[in-house]
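**Q**
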Amino acid sequence: MNTDSKLRVILFSDPNFLAINILETLLSKNCLVSVVSDDLNKWQERTKQIATNSRFSFVKISEYKNLDNFSYAIFCGGFLNKESITEDFKKFITNKNFGTAKTLAIFPFETFSLKISSKIAISDNAGIIYLGDLMGPRIDLNSNLLLPTLISEMLTKRTVTLPVGEIFYPVFITDAAKTIVKWLLSFGPYGRDTFLLGRQFSSSDFWKQNLKSFPDLKVLYDTKLETRFIPKGYDIHFINSNLNICLNETYRWLIGTKTVQQKEKVKKPRKYKFLRPVITSILFILFLPFITSLISGTFLYFSYKQFLLEKISNAQNLVLSAKTSFVVGKAVSGVLGNIPLLGRVYKETSYVSEAGEILTDMSLAIIPTAEDSRQILGNVLGGGIFDLKEPVSRIKLNLDYIYQELSFFEILTKNSVESGILSAKQVQELVDFDKFKDLSHEGGVIANNLPSILGTEENKNYLILFENNMELRPTGGFIGSYGVINFGGGKMNGLTVNDIYSADGQLKGHIEPPAPIKNYLNEANWWFRDSNWDPDFPTSSERAEWFLNKEMDQKVDGVIAIDLSPIKTILNYTGPIFLPDYNLTITPDNLYEKTQEEAQANSFPGSRQKASFLTALSRTLIDQIVKMNPKDRVLVLKAFYESLEGRHMQVYLHDNNVSSALNKLGWDGKIQSYSCGDECYSDFVGDVEANVGVNKSNYFVKRHLNFNVSFDPQKITRQMTIALSNSANSALGVSGIYKSYIRIMIPTDSKLISVNSQAGTTQISLKPEITQEKGRQEVGVLVETTPGQSKNIEFVWQNDLPQNQVNSYGLFVRKQAGVEADPLSIQVTGIGQIESRPVFSLTGNSVYTYNTLLSQDFFARLSWNH
């Protein structure tokens, strides 16, 4: 079997500069690429610089039909000759081996027309991307697209002939290639047409920007030329772009290749030779702040590399060198900042240098903290005698120091933003200071209580719920097994794993279940296995503890829930693990399948088959973590952190101090109350799904969340559409049906308008079940999505706006435990000009939009003036 088949890509394209950049990006992702073209000589000439030429090959179009065993395909057409698109695309689809391969067809946006678009049929595994005006190194000036044509005209004639009302959407070539490859290999715009564009510029702006390079440039407007347009009703994804930078990089490359012929300058005898050292010194001083920032960044990069190699002393010395360089840059910037006009530039470098100095101080605390953390992990899992107090004390002190430095950094940034420093504004937009401050402060609380958590003074037992997120439930997945882990003396003493059905067999008496469990799971009794019905994890944890005590007469000091995702991630770091008792090698790719096979093989009521397998898997995995070198153990800590952030792990402990810290970090899975302050409308929504089909159909289910918000003077209306897609094969029958009880959580005072289900052209009105829970309203419906079916579930609700003036809107979208990063699209209408964090995009029809992947809880705030 070809182990590289999943990364085998077909690139069908003429040798245009976009295709070459895509090829380089694919190779950087360790893909195997087959380049299909009729112009192989030009391809070979243009790819001489690529070192990894063993990972790509050339294929003639005449041999293309026979290509198979590929998982991805890219068609890149029209960037040299836009009239050739239709014929080239016909050749592309002659290959009959696409199967389930993910495919992207990329065209220049100016080639879009309803006539062409209607001829290009796409499947759910394929997507069409219409790309904006490409710019950057290796631009094809022999192309007949508008932008290359204009650049050629400017270079040769010093004129630019523009259509009236033309709009440009510049996209830097490397940004385009990276985005396309990212979409191809992960979540992409499949099943639809998408426009990938840069920030728009008018023809007047285009001319003015080019005047900087061609001072004598004349602009001409031709009414006969057709103005390009962006059609309505299509998905649009914007890439941040700067026309000035795009043009500069394009012309720099053209000059370097002698495409631009500069006028010959008359050589004159050298005079005033004594001025050279003076001018050189002045230039050196003027550029010194930029040089020091570059040097400091280089030192920090190599410090990180040395840390990964466990050369801690080298890493710390490099950080100190970076700090020294930043200090020099700050001092020089402070002096140069007083120069009229130029001083503004050095205000920027002064902020960068001062921020860099703070960053190096934090790095000097982060390095020993990470070192102590990975040593503690190894000692806790590996056993042996060691003293927790000393490393825990160091971690607490370092985290307190990091919190203090973050506070200084935040104050510096806020003050610099008020002074108009652009780099500070970018940092403020990109860095969530509150989150990092919470992480350092609450992390210090957890570290301080770590000896108690790990049973230094008295043994501690914690219930572990192994939740199978292929059978989704409100806190992550169906509890098929559970374990009890014991800590004593600061180390793990044991882990026992049991089948949940064995415990449920010990329950005496009747426990009335929630109505949906009774009605849709057909369970007359409430069992331990269904104890996680409440999406609020502390509530479900207390219930799980109650069942454990009643069924097994066992009490614990807290509950930990974990699904399959963290285990798969850790397997990526440990590598495959071998279970000798089962003669099995477990990898990230086969974890789910092998777990299911072993759980179901020879299974019967009271069987320990599944528990024995999970025990062997858990202990072997722990042994592998203990054997890992320290640098890779940091990656395991990173995997745990990301799992807690993404709600693939949730922790509920009885210790009040630790419980409070976990709650503030959002790691305890508690459903929080949310407020964005005075004159701000606080909104909340969350999707909660429960697979009640008693199968593992979530393996095949994908979802896309669309959230629309509409304001008017008296009320706010929201529409949440959950788009479900079930890719199961119909041959699976009942096992492939996704029977789900879907709830959305909304504010308690919301008025529900409607709930509808739509599959194809069929729309059905659903009757929801509405309950009031702790600080929230839950609206639930039963939905079945059959194999191969896509279905949209639409909830619409309203709230009255308060009488006092509202000038901002805060939105909290809660991510469900157990699901991967679902796409989330947000649209807001009915408000004026806004400032937002994160930054929302304004579309032509006055709709503010934001698209993201819901990998963790999402917060947004939009402020406006009426």
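For reference, each letter of the sequence shown is one residue, going 106 to 971 in the working numbering.
By construction, the Cβ of each residue, glycine as well, lies at the ideal position given by its N, Cα and C atoms.
Quick check on DSSP: helix, strand or coil for residue 498?
**A** helix
**Q** Measuring alpha carbon to alpha carbon, tell me which residue in 321, 158, 237 and 649 is nearest residue 277.
**A** 237
**Q** Would you kindly work out how many angstroms separate the C-alpha atoms of residue 262 and residue 312, rounded to a whole number?
**A** Residue 262 and residue 312 have their C-alpha atoms roughly 14 Å apart.
**Q** Are three or more beta carbon pairs between the region 515-525 and the region 475-492 nearer than 8 Å?
**A** no
**Q** For residue 865, which residues in the same chain have their Cβ closer than 7 Å to its Cβ, ignoring the five residues on either side in sequence?
**A** none
**Q** Helix, strand or coil for residue 477, going by three-state DSSP, please let me know.
**A** helix
**Q** Going by beta carbon distance, what residues of the same chain come within less than 8 Å of residue 734, once the five residues before and after it are set aside?
**A** 415
**Q** First and last residue of the beta strand (DSSP E) that includes residue 585?
**A** 583-593
**Q** Please state the DSSP three-state secondary structure of residue 435.
**A** helix
**Q** Check whether the Cβ atoms of residue 642 and residue 666 lie closer than 8 Å to each other.
**A** yes
**Q** Can you give the Cα-Cα distance for residue 302 and residue 654, rounded to whole angstroms?
**A** 59 Å
**Q** Hey, how far is the Cα of residue 209 from the Cα of residue 282?
**A** 12 Å
**Q** Give me, in chain order, the residues of the same chain whose beta-carbon lies closer than 6 Å to that of residue 807; leave out the 5 immediate sequence neighbours on both sides.
**A** Answer for residue 807: 830, listed in chain order.
**Q** Quickly, what does DSSP pair residue 238 with across the bridge? List them, please.
**A** 275
**Q** Quick one: grab the DSSP three-state call for residue 471.
**A** helix
**Q** Measuring straight from C-alpha to C-alpha, what distance separates residue 458 and residue 757?
**A** 42 Å
**Q** Leaving out five residues before and five after residue 407 in sequence, what residues of the same chain have Cβ atoms less than 7 Å from its Cβ?
**A** 423
**Q** Taking the alpha-carbon of residue 880 as reference, which of 152, 778 and 126 has the nearest alpha-carbon?
**A** 778
**Q** Between the C-alpha atoms of residue 782 and residue 142, what's the straight-line distance to the nearest angstrom?
**A** 59 Å
**Q** With distances taken from CA atoms, which of 859, 873 and 931 is nearest residue 813?
**A** 931
**Q** Could you tell me which uninterrupted alpha helix (DSSP H) segments, each at least 4 residues in length, are contained entirely in the region 600-633, listed from first to last along the chain?
**A** 605-609 and 620-625
**Q** Nearest-angstrom Cα distance between residue 449 and residue 382?
**A** Taking the straight line from one Cα to the other gives about 26 Å.
**Q** Which term fits residue 205, buried or exposed, when burial requires 16 or more other beta carbons within 10 angstroms of its beta carbon?
**A** exposed
**Q** Which partner residues does residue 881 have in the DSSP bridge list?
**A** 878
**Q** For residue 751 versus residue 478, is the C-beta spacing smaller than 8 Å?
**A** no
**Q** When the Cα atoms are used, what is the spatial distance from residue 364 to residue 244?
**A** Residue confidence for residue 364 is low, a pLDDT of 44 falling below 50, so the modelled location carries little weight and cannot support an answer.
**Q** Determine the extent of the alpha helix (DSSP H) in which residue 762 is found, giving its start and end residues.
**A** 761-770
**Q** When you compare the region 894-904 with the region 810-825, are there three or more beta-carbon pairs, one atom per stretch, that lie closer than 8 Å?
**A** Cβ pair count under 8 Å is three or more, so yes.
**Q** In whole angstroms, what separates the C-alpha of residue 119 from that of residue 357?
**A** 25 Å
**Q** Whole angstroms are fine: how far does the CA of residue 508 sit from the CA of residue 586?
**A** Near 39 Å, if we compare the C-alpha coordinates of residue 508 and residue 586.
**Q** Which of the three DSSP states, helix, strand or coil, is assigned to residue 253?
**A** In the structure shown, the three-state DSSP call for residue 253 is helix.
**Q** Report yes or no: do three or more beta-carbon pairs, one from the region 156-175 and one from the region 131-148, lie closer than 8 Å?
**A** yes
**Q** Leaving out five residues on either side along the sequence, give the residues of the same chain with a beta carbon under 6 Å from the beta carbon of residue 875.
**A** 884
**Q** Could you pull out every residue in the same chain whose Cβ sits closer than 6 Å to the Cβ of residue 755, ignoring the five residues on either side in sequence?
**A** 642, 666 and 774
**Q** How big is the Cα-Cα spacing for residue 887 and residue 794?
**A** Going by the C-alpha atoms only, they are around 10 Å apart.
**Q** Please state the DSSP three-state secondary structure of residue 797.
**A** coil
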